[in-house]
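Read through the structure below, which is laid out as structure tokens, and then see the notes.
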Amino acid sequence: MASSSYLEPSLNHSAAGGCGVKSRLGMPGGPGTSGSAGGLERPPTSMDRVLKIFHYFETNSEPSTWASNIRHGDATDVRGVIQKIAEIHKLRCVSSLGLRLTHLHSDALHWLHPDLGVSHIREKYEKQHPQEEWRYELRIRYFPKGYLSHFSEDKPSLNYLYHQVKSDYMQQTADRVDQDVALKLGCLEIRRFFREMPGNALDKKSNYELLEKDVGLRRFFPKSLLDSLKAKTLRKQIQQTFKQFANLNDEQSIHKFFEILFPIYPFDKECFKCALGSSWVISVELAIGPEEGISYLTDKGSTPTHLANFNQVQSIQYSALEEKDRKGMLQLNVAGAPEPLTVTTASLTTAENMADLIDGYCRLVSSVPRSFIVRVHKDGDRALPSIPKVSNHEKRMEKRMDGVRTRAVCVSETDDYAEIIDEEDTYTMPSTRDYEIQRECIELGRCIGEGQFGDVHQGVYISSDNPALSVAVKTCKNSTSDSVREKFLQEALTMRQFDHPHIVKLMGVITENPVWIIMELCTLGELRSFLQVRKYSLDLASLILFSYQLSTALAYLESKRFVHRDIAARNVLVSTVDCVKLGDFGLSRYMEDSSYYKASKGKLPIKWMAPESINFRRFTTASDVWMFGVCMWEILMFGVKPFQGVKNNDVIGRIENGERLAMPPQCPPTLYSLMTKCWSYDPSKRPRFNELKTQLSTILEEERLQQKERSRMEMRRQVTVSWDSGGSDEAPPKPSRPGYPSPRSSEGFYPSPQHPGHYQMAGYPGPHTLPSVPSALYPPPAPMVDTHHAHTHPRHHIHTHSHTQHLPQLHGADMAMWGSAVEKPDTRSSRGSLDRDEGGLQPTGSQHIYQPVGKPDHVAPPKKPPRPGAQSQVGSLACLNTADSYNDGVKPWRLQPQEISPPPTANLDRSNDKVYENVTGLVKAVIEMSSKIQPAPPEEYVPMVKDVGLALRTLLATVDETLPQLPASTHREIEMAQKLLNSDLAELIGKMKLAQQYVMTSLQQDYKKQMLTAAHALAVDAKNLLDVIDQSRLKMMAHSRPH
């Protein structure tokens, strides 16, 4: 990747042994270093030998800052500098390049001939003006015939030409072109710059605002256009124009740009005002270019008159006329011409620049490096030879001196070769010896993995502190290549700066070829593989623990201003069964003063990336948060990759349409809610890692409490079952029913009302069981549910905040099919009849249900006899006995009918009971909606939800009328139950809106199911309200009886 560089850190070292000194890894500002960018140690005087050359190799910084710093010796010439820069950036069009020197405060411009010495040039021109007033610029000046097709086979050269021409256009021509042309050229640059962005991306307001505010429209459009149009009009025109070029790729965008611009600005030829002859006889404009050769025009619009082709030019000479005005004269010896072609220019500088241009074309056409210019050397002037071949010894010395972030030709002050100090990113390169390890201290073992640059081996590090420390050794496949070696060692540089218990630790490096990076060994390997292998032995608490540990590591990176850019389960290593560590920092970048990092090239993990990263290659801490959300999803899915079966190109379209990864089967709703926050399209709405760390800690504690309760209940149940082994024919005594309220959700979470406890008790895989996988939210129809707990244990723990209210614990059957419950009072418990293998939901949330996990030999409890006087309507919904839970698995003949406890719904006279009638009406409305919702189109959702809402309003009005008749001590409890119903209705409406919003997407069915689950919660809570009112009535009746 080409990029700008800066110089100062690597030039501030004192001399320490010249060419043989090897760069070392260490921390900036450590002993003996001033924060080296490359680890090279130079004499202080070398600062004067450094030259900054601006270029057009695209980097992450602003185009005006693209530059490389070179070090030169007394004999370094311009040709050597050009050749080295081209070699570093893999530019093949070396013969087309020229070096231009411009004075920033005047119109002075000089093209520097390749044979000129750099020291001579600086001595000559820096006497006239200070060094900081001169700009050295590497440009493509000499175009071969058919250069576009020629450069199409040489992508770096095509890109270089494009950036050069675009820069010239924006600085010189953009404010003078038509609005339509400016819009097209700007949109073509947007298309090229954001190559992964879909064609309709700018239609989304947030994307356009990101382009406008974060990137800046001034980068693409001239100021005159931006000032002349209103913001709304400009946005509309950009959106419309961009769609014309939406399907173009990089190369097509560049060619289209040239096609539109060329009639306005013919960038491949240069024109000079001059006169033919040795005096001002014929005033002409001399045009020099690949197609015209050398020709002239007498006035604008006239047909060019051809003078000569470049292959006809035999020699070039220029000089100053002996006159006071110092005019210049250029003479060309043309084959077949009777006399030299003489051109008079306004100044000697113009003649020099023309001579250099024609000489460059002659060298290009004839494919020879020798100059066609015949110079008359004066005192002080000398023509230097081209840079000689480097000896093998010098090459070896060069490689030894080549620091991690530095490319050098040589180091000696008197050397003739240019040194390029090219800082690709904004890191500083430490140079202490702390992390250099001798190769003989490492014993390389078996290969345990493969990486982008090479293999990873298990090894042993032998040191005085630890005689046999197991380590991981990363090897580099092609460490002889400067660019590969540099990128490989970049990871070591990044890791060196971190010290965290959940980040893989760097042990050291070996910078001599072959290059090795030595890290701590995580014996259990990659997290993704670990999850897949141990899928059936990991519990939910372990998965949440892994997510929490990663959040602490990423919060640490956030505090250090680093973006990781590749957060995925494959890049997390497992140190022990309860400890994971973040690794693979090959893509990590330091953000320094900017708020984001922009990647220009390279392969990126599209399916894990945030939309702004895919569209705009924009990486921030917020984009890391998105990736962390995907990584959490991978962990909860036991290593399943996101967007399975979706092409990379299609991912952004799905995200733009609002699709997100579905909730994993065992995922607590609070955790999934946290994931969805991480996947907010707007980066500013995503939580910070410190917030994620805090909330994950709370979720982890909740799950651990739940886990303890489940273990205690399982032990209690086993004790209950063990009573059966005593041989007695008498049924064991029925234990008292304990009440275990669900842990409260943390503030700021948004649990779904239908998941009050957040966890399915029997749904999590234990150490010896298969994890149950609910079929979304709808199990096979089951007849009845247990709502006894609502009657026995009033819910004093309910929050009044609408987002954090806890709802009643729902049991085995989903109650999506309420009809059978209403019509069949004499049915058995659904808990024993739900078959896990058929994907039914396990009992959720309630901690007082003792269903064993993974014990298929237990039979379902027998059908219970109907209770005398049982009601056939809503009262039947609660006919399950608490003892059923305790007696799961107990032999049928051990169950005694007389042990049945009183039902939760009071046996009251229901004639003229308006509350009872309206609860029944609400339940019927939910049943009707449940039966119609699946085939219904989105426009029919509102009437169905409206019917449920009207039924609820009638119920609540009836309760308000009944309330004065009930004891005042019970009013608070009834009001809380009413508030809960209002919250349930709000949740149902919210799910309905989401189902309408995501119609025709893969999420539609999920949100329909969530609608039904919200309606289910509403119906259960309506029944709970009836139970609370019945208890109040019974209490009132008890007080009214004479004692």
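In terms of this note's numbering, the sequence shown has 115 at position 113, counting the first letter as 1, and numbering is strictly consecutive.
Built from N, CA and C at the ideal position, the CB exists for glycine as well.
Check whether the Cβ atoms of residue i and residue j lie closer than 8 Å to each other.
i            : j            : result
residue 551  : residue 524  : no
residue 87   : residue 57   : yes
residue 655  : residue 200  : yes
residue 622  : residue 689  : no
residue 225  : residue 301  : no
residue 924  : residue 953  : yes
residue 935  : residue 702  : no
residue 1024 : residue 921  : yes
residue 711  : residue 670  : no
residue 284  : residue 360  : no
residue 976  : residue 1042 : no
Measure the C-alpha to C-alpha separation of residue i and residue j and round it to an integer number of angstroms.
i            : j            : result
residue 45   : residue 79   : Legend: pLDDT at residue 45 = 40, less than 50; position of this residue unreliable, no value from coordinates given.
residue 502  : residue 554  : 9 Å
residue 538  : residue 980  : 42 Å
residue 649  : residue 693  : 33 Å
residue 444  : residue 474  : 10 Å
residue 794  : residue 929  : Low confidence applies here, because residue 794 scores a pLDDT of 39, under 50, leaving its location unreliable and the question unanswered by this model.
residue 662  : residue 247  : 29 Å
residue 1040 : residue 964  : 18 Å
residue 561  : residue 149  : 49 Å
residue 214  : residue 196  : 14 Å
residue 351  : residue 328  : 10 Å
residue 785  : residue 997  : Because the pLDDT of residue 785 is 38, which lies under 50, any placement of that residue in the model is unreliable, and the number read from its coordinates should be weighed accordingly. The straight-line gap from Cα to Cα measures roughly 27 Å.
residue 533  : residue 639  : 9 Å
residue 151  : residue 163  : 13 Å
residue 687  : residue 1012 : 24 Å
residue 1029 : residue 645  : 46 Å
residue 709  : residue 715  : 10 Å
residue 699  : residue 558  : 16 Å
residue 1036 : residue 626  : 58 Å
residue 608  : residue 181  : 36 Å
residue 1010 : residue 950  : 16 Å
residue 961  : residue 1038 : 16 Å
residue 493  : residue 487  : 11 Å
Among the options, which residue has its Cα nearest to the Cα of residue i?
i           : options              : result
residue 209 : 651, 548, 613, 448   : 613
residue 217 : 947, 207, 192        : 192
residue 926 : 367, 1020, 476, 1011 : 1020
residue 54  : 134, 100, 110        : 134
residue 364 : 978, 110, 143        : 143
residue 99  : 533, 166, 184        : 166
residue 117 : 372, 632, 645        : 372
residue 521 : 462, 489, 123        : 462
residue 617 : 267, 652, 531        : 652
residue 273 : 322, 342, 234, 353   : 353
residue 94  : 136, 158, 60, 103    : 158
residue 358 : 204, 320, 540, 266   : 320
residue 147 : 170, 368, 448        : 368
residue 450 : 967, 460, 1034       : 460
residue 345 : 333, 338, 337, 972   : 333
residue 73  : 1002, 318, 52        : 52
residue 255 : 305, 190, 223        : 190
residue 666 : 635, 102, 658, 1007  : 635
residue 682 : 624, 985, 717        : 624
residue 140 : 127, 102, 153        : 102
Would you mind giving the Cβ-Cβ distance between residue i and residue j, rounded to the nearest angstrom? I have them listed as a contact below 8 Å.
i           : j            : result
residue 570 : residue 518  : Actually they are not in contact, since the Cβ atoms of residue 570 and residue 518 sit about 25 Å apart, beyond 8 Å.
residue 987 : residue 1027 : With a Cβ gap of about 13 Å, residue 987 and residue 1027 do not count as contacting.
residue 529 : residue 574  : 4 Å
residue 131 : residue 105  : 6 Å
Report yes if the C-beta of residue i is less than 7 Å from at least one heavy atom of the ligand PLP; otherwise report no.
i          : result
residue 83 : The ligand content of the structure shown is nil, which means the ligand PLP is not present either.
Where does the unbroken beta strand (DSSP E) through residue i begin, and where does it stop?
i           : result
residue 308 : 307-310
residue 266 : Careful: residue 266 lies outside any beta strand (DSSP E) and carries neither H nor E.
residue 68  : That residue, residue 68, is in no beta strand (DSSP E); it is neither H nor E in DSSP.
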